[in-house]
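Peer 1: Handing you a structure now.
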Amino acid sequence: MIVRVTNRDIICQIAYARIEGDMIVCTAYAHELPKYGVKVGLTNYAAVYCTGLLLARRLLNRFGMDNIYEGQVIDGQPSAFTCYLDAGLARTTTGNKVFGALKGAVDGGFKEFNAEVHQKHITGQNVADYLCYLMEEDEDAYKKHVTPDMTEEMYKKAHAKPKKEVKKKRWNCPKMSIAQKKDQIAQKKASFLRAQERAAESYTKQFSMTIFQMKTINLWTAKKKKKKKKKKKKKN
Numbered sequence: 000m001i002v003r004v005t006n007r008d009i010i011c012q013i014a015y016a017r018i019e020g021d022m023i024v025c026t027a028y029a030h031e032l033p034k035y036g037v038k039v040g041l042t043n044y045a046a047v048y049c050t051g052l053l054l055a056r057r058l059l060n061r062f063g064m065d066n067i068y069e070g071q072v073i074d075g076q077p078s079a080f081t082c083y084l085d086a087g088l089a090r091t092t093t094g095n096k097v098f099g100a101l102k103g104a105v106d107g108g109f110k111e112f113n114a115e116v117h118q119k120h121i122t123g124q125n126v127a128d129y130l131c132y133l134m135e136e137d138e139d140a141y142k143k144h145v146t147p148d149m150t151e152e153m154y155k156k157a158h159a160k161p162k163k164e165v166k167k168k169r170w171n172c173p174k175m176s177i178a179q180k181k182d183q184i185a186q187k188k189a190s191f192l193r194a195q196e197r198a199a200e201s202y203t204k205q206f207s208m209t210i211f212q213m214k215t216i217n218l219w220t221a222k223k224k225k226k227k228k229k230k231k232k233k234k235n
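Heads up: the sequence shown runs through residues 0 to 235, numbered per numbering that gives the first Met the number 0.
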């Protein structure tokens, strides 16, 4: 289980090693959490837990085991997924965010371990305590955040939703066949040629207009010269 925490996102992946390289089985991101009700704090400890939970449910759903494992041990069923945490360059000290993702994955249906200490952080109670402190000490800073009573409910709702809706929306386009590719190239060529023809037509129109303008100017100057000559003859 790979966990990476960046400045703006949290990435959780399940991978296995091959000679050609690591093969990614499943992925979950923190920027998907607003869909499940978590609209703020997408890089804090509670968000890491939610991302780990979503990853576990998504993996079990892929292999048709999401109805068997819902975070508890089931006798007489296939073994739960066992994963080893890949923390990367993160320091694996007590309270590090990567362990929040691990706990979320375990609660989502991976192989279980006991972690009662995490409960306060998982429900965002530590955030609520901090907001209570702000309410007493600094009202201006408190107004910029959500209220303490909202945090626990928000995270509990977010924990329930991934168990129902886990499919990830794919944005990449499906691969085209050779016939489709050829058709697309032909369409692009035709549109390019049409654009070239329009440009040539507009250029010829502009050129003809300039010639017409020049002729009118020449006629006007010739008439002026004739008038001047007639005036001179009359004076003489």
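Yeah, the Cβ is synthetic: ideal placement off N, Cα and C, and Gly gets one too.
Whole angstroms is fine: what's the gap from P173's alpha carbon to M153's?
Peer 2: Rounded to whole angstroms, P173 to M153 spans 36 Å at the Cα level.
Peer 1: Three-state secondary structure (DSSP) at A157?
Peer 2: Residue state, collapsed to three classes: helix.
Peer 1: I need the boundaries of the beta strand (DSSP E) containing T26, first residue and last residue.
Peer 2: Run containing T26: 21-28, per the beta strand (DSSP E) assignment.
Peer 1: Return the bridge partner residues of D85 from the DSSP annotation.
Peer 2: Answer by DSSP bridge pairing, in chain order: I1.
Peer 1: Buried or exposed: where does M213 fall if 16 or more other Cβ atoms within 10 Å of its Cβ makes it buried?
Peer 2: Counting Cβ neighbours within 10 Å, M213 comes out exposed, since fewer than 16 surround it.
Peer 1: Just verifying my parser: in three-state terms, what is the DSSP assignment at I67?
Peer 2: In this structure, I67 counts as coil in the three-state DSSP scheme.
Peer 1: Could you tell me which residues DSSP puts in a beta bridge with Q12?
Peer 2: Q12 pairs with I1, T26.
Peer 1: For Q124 and M0, what's the separation of their Cα atoms in angstroms?
Peer 2: For Q124 and M0, the distance between alpha carbons rounds to 26 Å.
Peer 1: By the 10 Å Cβ neighbour count, where 16 or more other Cβ atoms means buried, how is E19 classified, buried or exposed?
Peer 2: The residue is exposed, with fewer than 16 neighbouring Cβ atoms inside 10 Å.
Peer 1: Suppose contacts are defined by Cβ-Cβ distances below 7 Å. Is A104 in contact with V97 by that definition?
Peer 2: No, they are not a contact pair.
Peer 1: Out of curiosity, what's the CA-to-CA distance linking L54 and C11?
Peer 2: Whole-angstrom Cα-Cα distance: 7 Å.
Peer 1: Looking only at C-alpha atoms, which of A16, K34, A14, V24 sits nearest to K168?
Peer 2: Out of A16, K34, A14, V24, K34 has the C-alpha closest to the C-alpha of K168.
Peer 1: Please check if any C-beta of chain B sits within less than 7 Å of the C-beta of K160.
Peer 2: Judged by its chain identifiers, the structure shown contains no chain B, having just a single protein chain.
Peer 1: Is the distance from the Cβ of G107 to the Cβ of R61 below 7 Å?
Peer 2: No; because the gap between Cβ atoms is not below 7 Å, this pair is not in contact.
Peer 1: Grouping DSSP H, G and I as helix and E and B as strand, with all else coil, what is C131?
Peer 2: C131 falls in the helix class under three-state DSSP.
Peer 1: Please classify N6: does DSSP put it in a helix, a strand, or coil?
Peer 2: Coil, per DSSP.
Peer 1: Rounded to whole angstroms, what's the CA-CA distance from K236 to I210? Just pull it up for me.
Peer 2: The structure shown does not extend to residue 236, since the chain is modelled only from 0 to 235, so the question has no answer here.
Peer 1: Between the Cα of T122 and those of K232, D8, K102, spot the shortest distance and give me the residue it belongs to.
Peer 2: For the residues K232, D8, K102, the minimum Cα distance to T122 belongs to K102.
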